[in-house]
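J.: The structure follows.
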Ligand SMILES: *Cc1c(COP(=O)(O)O)cnc(C)c1O
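See the structure below:
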């Protein structure tokens with residue numbers, strides 16, 4: 003923000019958003035209202051604190067500081083050195099990591115930097131198939147990861163729909179990947195890091211743990227930590243960790259230099275210091291007892307929603323959840339994941355469609371819908387709320403394509419939303 007006592011044509015406008023750009027301001031205001039009046043069950047979204055958003059909107063937006071603390075290419079960096087160092091120290095303490103890089107702009111560039119650290123273009127990497135819960139950056143053909151690396155994909159088992167470690171081991175022995183990636187976007191069960199470490203060691207592979215989705219659960223003690231097992235760990239800071247939109251890399255000391263080089267100058271330019279400051283606030287909040295209670299509640303809420311959906315005859319990926327998300331399978335229904343997600347939205351329940359194991363439809367249609375509890379838990383939702391929401395989801399399934407019935411269900415959704423904490 004620039005405040006001047008000398009009004010001039012060349013200074014940026016002094017008024018707030020509502021005054022300077024009413025059109026955009028109204029759109030933002032309407033979207034805020036949409037959040038408050040609906041139930042956000044998108045597994046990757048969360049509501050950050052006011053303190054996190056304050057740091058993000060600070061004047062630090064101005065600063066160029068290419069490089070790292072005490073090794074920059076610009077002047078005027080003493081205080082942003084302190085800020086980035088604080089963020090690094092807090093990230094290390096929160097996760098118990100030897101080294102942290104807090105500069106990745108988001109989760110995908112963090113993965114790119116991690117892969118460039120552990121492998122060279124043309125090397126073989128191994129990740130979960132996209133349709134079984136993996137991420138684009140884990141070797142999809144349309145991502146840099148699938149374009150620049152040889153990709154071997156593993157899957158979940160057909161029977162249990164849990165990670166198929168027999169396949170992981172067999173593929174690893176046959177294809178000898180440089181890197182094995184564990185960590186997913188739509189996998190509802192606990193990840194056995196030790197099992198991945200054992201297989202990586204069998205074939206001399208490095209283990210990359212991508213905790214983009216579960217970082218808040220790991221930090222809050224509600225999911226086991228990959229720190230003792232993985233060579234490099236990547237994450238977002240905006241999903242369960244409830245910070246600003248951004249990325250994070252943790253690693254053992256031996257990879258510190260290579261990770262830092264891969265982020266800057268290999269991949270990125272100037273660090274986003276307003277975002278790094280906001281990450282520091284996020285790590286500070288995540289160290290609190292209140293955040294540990296939040297992480298536990300996220301998991302309790304997911305379990306309550308999963309149990310109720312199963313009581314209402316939905317079939318779930320891997321039969322339930324150990325974490326913050328669950329995926330409903332719709333093979334026994336006459337509508338697609340896309341149609342169900344659209345009907346849920348008409349009733350004010352916001353989700354995302356998802357491919358599921360054994361998928362028969364395209365990624366645009368899908369046979370699944372993914373639900374997650376991080377955002378509503380941040381608004382104070384309880385397991386009782388989740389059971390009520392489960393009942394409403396079941397009623398939506400009975401009325402897909404019936405707008406009048408969906409509007410009627412929407413009034414009950416709105417009543418639940420009105421009882422929760424509001425975002426400002
Ligand atoms: C969300 C996600 C990412 C990427 O994060 P962006 O910030 O969207 O780039 C990477 N890996 C996994 C497993 C994710 O779920």
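In this note's numbering, the protein residues as written are 3 to 426. In this text, a Cβ means the ideal position worked out from N, Cα and C, and glycines have one as well. Being a predicted model, the structure only gives us computed values, none of them experimental.
Going by Cα to Cα distance, which pick from 355, 410 and 268 is closest to residue 188?
T.: Answer by Cα proximity: 355.
J.: Quick check: is any heavy atom of ligand 1 less than 7 Å from the C-beta of residue 296?
T.: Checking the Cβ of residue 296 against ligand 1 gives no.
J.: Leaving out five residues before and five after residue 253 in sequence, what residues of the same chain have Cβ atoms less than 6 Å from its Cβ?
T.: Contacts found: 101, 234 and 261.
J.: What residue does the alpha helix (DSSP H) around residue 306 start on, and which one ends it?
T.: Start and end: 291-313.
J.: How big is the Cα-Cα spacing for residue 353 and residue 297?
T.: Each residue's alpha carbon lies about 20 Å from the other.
J.: Does DSSP put residue 372 in a helix, in a strand, or in coil?
T.: Of the three classes helix, strand and coil, the one that applies to residue 372 here is strand, per DSSP.
J.: Across which residues does DSSP place residue 101 in a beta bridge pair?
T.: Beta-bridge pairing links residue 101 to 253.
J.: Considering only the beta carbon of each residue, do residue 346 and residue 328 sit closer than 8 Å?
T.: Cβ atoms of residue 346 and residue 328: not closer than 8 Å.
J.: Could you spell out the range, first to last residue, of the beta strand (DSSP E) harbouring residue 119?
T.: Unbroken run through residue 119 is the alpha helix (DSSP H), 109-120; no beta strand (DSSP E).
J.: Would you say the beta carbon of residue 214 is closer than 7 Å to some non-hydrogen atom of ligand 1?
T.: Yes; taking the cut-off as 7 Å, the Cβ of residue 214 has a heavy atom of ligand 1 nearer than that.
J.: Using DSSP's beta-bridge definition, name the partner residues of residue 386.
T.: None; residue 386 has no bridge partner.
J.: Compare the C-alpha of residue 200 against each of 221, 218 and 170 and name the closest.
T.: The option with the nearest alpha carbon to residue 200 is 170.
J.: Check whether the Cβ of residue 206 lies closer than 7 Å to any heavy atom of ligand 3, and answer yes or no.
T.: What this structure holds is ligand 1, not ligand 3.
J.: Since residue 416 contacts residue 39 with CB under 8 Å, what's their CB separation in whole angstroms?
T.: With 8 Å as the limit, residue 416 and residue 39 qualify as a contact, their Cβ atoms being about 6 Å apart.
J.: Please state whether the Cβ-Cβ distance between residue 45 and residue 374 is less than 8 Å.
T.: A contact, by the Cβ cut-off of 8 Å.
J.: Nearest CA to the CA of residue 313: which residue from 4, 114, 383 and 389?
T.: Minimum Cα distance to residue 313 is reached at 389.
J.: List the DSSP bridge partners of residue 42.
T.: Paired residue(s): 352.
J.: Under 8 Å Cβ to Cβ from residue 371, same chain only, skipping five residues before and after it: list those, please.
T.: Excluding residues within five positions, the ones whose Cβ falls inside 8 Å are 329, 330, 332, 339, 342, 343, 346, 353, 354, 355 and 356.
J.: Just list the residues that DSSP pairs residue 210 with in beta bridges.
T.: Partner(s): 183 and 234.
J.: Who are the Cβ neighbours of residue 109 in its own chain at under 6 Å, not counting the five residues just before and after it?
T.: The residues are 214, 238 and 249.
J.: Please confirm whether any heavy atom of ligand 1 lies closer than 7 Å to the CB of residue 186.
T.: Correct: residue 186 has its Cβ closer than 7 Å to ligand 1.
J.: Assuming residue 154 and residue 173 make a contact with CB atoms under 8 Å, what is their CB distance in whole Å?
T.: Rounded, the Cβ-Cβ distance is 5 Å, consistent with contact.
J.: Alpha carbon to alpha carbon, what distance is there between residue 41 and residue 23?
T.: Approximately 29 Å, taken between the alpha carbons.
J.: How far does the beta strand (DSSP E) with residue 2 in it reach, from first residue to last?
T.: A query on residue 2 cannot be resolved here, the shown segment of the chain reaching from 3 to 426 and no further.
J.: Can you find a heavy atom of ligand 1 that lies under 7 Å from the Cβ of residue 155?
T.: No, ligand 1 has no heavy atom inside 7 Å of this Cβ.
J.: Classify residue 379 as buried or exposed, calling it buried when 16 or more other Cβ atoms lie within 10 Å of its own Cβ.
T.: Its Cβ being crowded by 16 or more others within 10 Å, residue 379 is buried.
J.: Out of 121, 406, 414 and 326, state which residue places its alpha-carbon closest to the alpha-carbon of residue 217.
T.: The candidate whose alpha carbon is nearest that of residue 217 is 326.
J.: Relative to ligand 1, is the shortest distance from any of its heavy atoms to the C-beta of residue 139 smaller than 7 Å?
T.: Yes, Cβ of residue 139 sits closer than 7 Å to a heavy atom of ligand 1.
J.: Going by other Cβ atoms of all chains shown within 10 Å of its Cβ, with 16 needed for buried, is residue 212 buried or exposed?
T.: Burial call: buried.
J.: State whether the segment 123-140 contacts the segment 149-163, with contact taken as three or more CB pairs (one from each stretch) at a distance under 8 Å.
T.: Short answer: they touch.
J.: Distance, Cα to Cα, residue 25 vs residue 33?
T.: Rounded to the nearest angstrom, the two C-alpha atoms are 13 Å apart.
J.: In its own chain, which residues sit with a C-beta less than 7 Å from the C-beta of residue 79, not counting the 5 before and 5 after it?
T.: Within the same chain, residue 79 has close Cβ partners 67.
J.: Taking the alpha carbon of residue 305 as the reference point, which residue from 270, 279 and 224 has its own alpha carbon closest?
T.: Nearest option by C-alpha distance: 224.
J.: How far does the beta strand (DSSP E) with residue 129 in it extend, from its first residue to its last?
T.: Here the beta strand (DSSP E) through residue 129 covers 126-130.
J.: Just the C-alpha distance for residue 424 and residue 204, rounded to the nearest angstrom, thanks.
T.: Cα to Cα, the separation comes out at about 50 Å.
J.: Considering only the beta carbon of each residue, do residue 451 and residue 283 sit closer than 8 Å?
T.: Past the boundaries of the shown model lies residue 451; the chain is included only from 3 to 426, so the question cannot be answered.
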